[in-house]
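Structure, as structure tokens:
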Amino acid sequence: EGEDGAAGADALRRHLVPTFGHRPINAVTRAEVVLWFESATASANWCLSALSSLMIHAELLGLRPDNSNPCAGLRRKKSGFSARYPTAEEYQRLAQAMTAVPVECRRSLPIIRFLALTGARRGEVLALRWAHFHGDRFVLPDSKTGPKTLWLPRAARSLLKRVRRRRTSPYVF
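So the mapping is simple: the working numbering equals the position in the sequence shown, first residue as 1, plus 373.
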């Protein structure tokens with residue numbers, strides 16, 4: 374999930390403050406930033422972007438010389454993410470497991486089905502509003518990657534019809 378709000382502040386505290394927090398902002402060098410970035414793992418790209426923004430702001434405030442951003446020109450790390458899709462056998466195992474869910478947990482099943490059918494992110498699904506529903510798609514005004522259209526296969530549309538009959542909330546789930 375994205376680094377924003379409290380999660381972003383926590384990432385700064387964990388990844389930038391231990392390395393740079395004790396130093397005056399005009400004393401941070403490119404060599405230090407490069408060394409930190411090469412060894413950083415979690416949230417490295419996001420933290421580099423935040424650090425670069427801080428340095429630009431420091432320049433605007435006169436706390437660093439103009440064009441002295443030590444982050445300038447550093448390339449983001451590759452994410453290493455590669456998409457993996459469930460096999461038919463894995464979908465079958467999921468369906469079997471869902472039939473064995475205890476009664477008190479069954480309210481979550483439509484969400485799990487919707488996630489499996491659409492590939493949407495958990496946060497996107499939990500924030501879905503009926504106002505964003507347009508027949509064969511949801512038009513999300515905001516998602517982790519910005520505005521997004523979530524196209525719905527027939528099975529997902531069928532699931533939504535069953536869910537809608539029981540809901541009075543503006544939220545789908």
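All residues carry an ideal CB built from backbone N, CA and C; glycine is no exception.
{"query": "Backbone secondary structure at leucine 433 - three-state DSSP", "result": "helix"}
{"query": "Backbone CA spacing between threonine 414 and glycine 446 [nearest angstrom]", "result": "19 Å"}
{"query": "Distance CB(leucine 513)-CB(histidine 507) smaller than 8 Å", "result": "no"}
{"query": "Bridge-paired residues (DSSP) for phenylalanine 506", "result": "Phe511"}
{"query": "C-alpha gap between alanine 382 and arginine 495, whole angstroms", "result": "22 Å"}
{"query": "Cα-Cα separation between glutamate 374 and lysine 517, rounded to whole angstroms", "result": "Because glutamate 374 carries a pLDDT of 40, less than 50, the predicted location of this residue cannot be relied on, and the following value inherits that uncertainty. When rounded, the distance between both Cα atoms is 7 Å."}
{"query": "Whole-angstrom distance between alanine 493 and proline 520, CA atom to CA atom", "result": "13 Å"}
{"query": "Option in Leu424, Ala417, Ile484 with minimal Cα separation from serine 452", "result": "Ala417"}
{"query": "Beta-carbon proximity check, leucine 523 vs arginine 538, cutoff 8 Å", "result": "no"}
{"query": "Residue range of the unbroken beta strand (DSSP E) whose run includes threonine 522", "result": "521 to 524"}
{"query": "Supposed close pair valine 319, proline 443 - CB separation, criterion 8 Å", "result": "The requested residue 319 does not occur in the structure, where the chain is confined to residues 374 to 546."}
{"query": "Environment of valine 476 [buried if 16+ CB atoms lie within 10 Å]", "result": "exposed"}
{"query": "Unbroken alpha helix (DSSP H) run spanning serine 412, endpoints", "result": "403 to 412"}
{"query": "Whole-angstrom distance between phenylalanine 393 and serine 412, CA atom to CA atom", "result": "14 Å"}
{"query": "Buried versus exposed call for leucine 525 [16 or more other C-beta atoms within 10 Å across all chains shown]", "result": "buried"}
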